[in-house]
Amino acid sequence: MAKILIVDDHPVFRMGMEELLNQEEDFTVCGVAEDIRSARRELIDKKPDLAIIDISLAQENGLDLVKEIASGHHCVLVLVLSMHDESVWAERAIRAGARGYVMKKEASESIIVAIRNILKGKIHVSANMMSHLLDKFQVNPDFQSVQSEEVLTDRELEVFRLIGHGLSTRAIADQMKLSIKTIGTYRDRIKQKLCLKSAVELTRRAVLWTEKENFSKDTSDSVREIPTET
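Throughout the sequence shown, residue numbering follows this note's numbering, covering 2 to 231 in sequence.
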């Protein structure tokens, strides 16, 4: 029986997911965690076969936990389950060490299929995302996304997201526990990669991107409580 750890900062979602998975004869939820610190304890104590991780964990980035598991818990497989747009985040999750990516708006059956595929040693992403990856790496291996948020590193994308939420450079530095100078360097790199000429263009682009992300979040709110059969 596969032991599964759920890492998500929404209590209702954790409970719904736990109920859904425990209905499967070959799954058992061995632990739940709301942040990276508690997830570390569960990884050591419960030794799960697979961890389901959300990217957004309060003030933390779930990809940091994915990378930590990939480097220190090699026997633990990871499925990223998130409200965020897969066109931006799925490839990042796979590069970080995840074996699959599913958006929360997908039906519960898709989550079960993803878990089974990953436990069989497969990579699981949506058909649309797989087509995108094949186009990117097989049809044209030298492809580079031009002026796309995909070209940003995980740290740069986090700074970009916080800019879009209206945070100042100092506030971003405080939240990310980095120096103001470092955040300034990230801002310069983002402008260069996205071909933006000024701070005003950077802020406008970040706000528009964040609004798109928030729209994706709003459309997934109705599925945070996973429906189960009665």
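Every residue gets a Cβ at the ideal spot worked out from N, C-alpha and C, and that includes glycine.
- Counting C-beta atoms within 10 angstroms of its own C-beta, K194 has 16 or more neighbours from the protein chains shown and is therefore classed as buried.
- A straight-line Cα-Cα distance of about 15 Å links D175 and T186.
- Buried is the label assigned to N62, since at least 16 other Cβ atoms lie within 10 Å of its Cβ.
- Per the DSSP secondary-structure output, Y102 pairs in a beta bridge with V81.
- Where G73 is concerned, the enclosing alpha helix (DSSP H) starts and stops at G63 to G73.
- In this model, A115 and H11 are separated by some 21 Å (Cα to Cα).
- Under DSSP, F28 forms a beta bridge with A3.
- Your pair I119 and L80 checks out as a contact, with CB atoms roughly 6 Å apart and the cut at 8 Å.
- Contact between I53 and I5 holds, since their C-beta atoms are separated by about 6 Å, short of 8 Å.
- Residues H74 of the same chain have their beta carbon placed closer than 6 Å to that of L44, with the five preceding and five following residues left out of the count.
- Residue pairing by DSSP places L51 opposite I5 and L78 in a beta bridge.
- A Cβ-Cβ distance of about 5 Å is found for the pair E19 and V30, placing them in contact under the 8 Å criterion.
- Around the beta carbon of D55, 16 or more other beta carbons lie within 10 angstroms, which makes this residue buried.
- DSSP places T154 outside any alpha helix (DSSP H), giving it a letter other than H or E.
- G185: member of the alpha helix (DSSP H) spanning I181 to K194, first to last residue.
- Taking all protein chains in view, the Cβ of V126 is crowded by 16 or more other Cβ atoms within 10 Å, so the residue is classified as buried.
- In the three-state reduction of the DSSP assignment, L120 falls in the helix class.
- Excluding its 5 nearest sequence neighbours in each direction, D27 has C-beta neighbours in its own chain below 8 Å: M2 and A3, listed in chain order.
- The C-alpha of V103 lies about 23 Å from the C-alpha of R38.
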